[in-house]
Structure formats: C-alpha cells, structure tokens
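Each residue of the sequence shown is one higher than the one before, counting from 1 in the working numbering. Here the structure is laid out as structure tokens; the discussion comes afterwards.
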Amino acid sequence: MKNNLKVARIQVNLTQQQLAEKVGVTRQTISLIEKGKYNPTLKLCLEICYAVNKTLDEIFWVEKGE
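Right, dumping it as structure tokens:
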C-alpha cells in the first residue's frame, strides 16, 4: 500500500527503530510498511499516526483506483 510514512517519520526525527519501539513492532515491519510491502492493521496505522503527529489521511490515504 502506498503511504507517506517515511516522510512523516523523518519530519519528527525518528529512526525506523525508534518508531518501531514506540508502536510495538519490529524495525523490519516499519521498513516493509514504508516500502508498501506490508498492509498494517487499522490499530497499527493509528498508533503510527499518534507517534508521528499526523492524521490517518495524511499518511495512509489512497485515492480510489490507485
């Protein structure tokens, strides 16, 4: 799934490891989400949004047909 997680993470000066620890997953999971190779649960999406101070729409919104 396409997303803006990497940009949002960098804006708040977090490494993949730091974000992973904040939301309770592995660094590899964060990497896969950023690459669009892993579809996180809604709960994980929300935890990520809280950690980087962004809304669900700002990070994970996908236009219809994409």
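Glycine is no exception: its CB is placed at the ideal position from the N, C-alpha and C atoms.
Taking C-alpha positions only, Leu19 is separated from Lys2 by approximately 18 Å. Taking Lys6 as reference, the option from Ile59, Gly65, Lys37, Lys64 with the minimal CA-CA separation is Ile59.
Within the same chain, Cβ atoms closer than 8 Å to the Cβ of Gly24 are found at Glu47, the five residues on either side in sequence being excluded.
Across the structure, Gln17 and Arg9 are spaced so that their CA atoms are roughly 11 Å apart. Taking each of Lys37, Thr41, Thr15 in turn and checking the Cα distance to Arg27, the smallest one comes out for Thr15.
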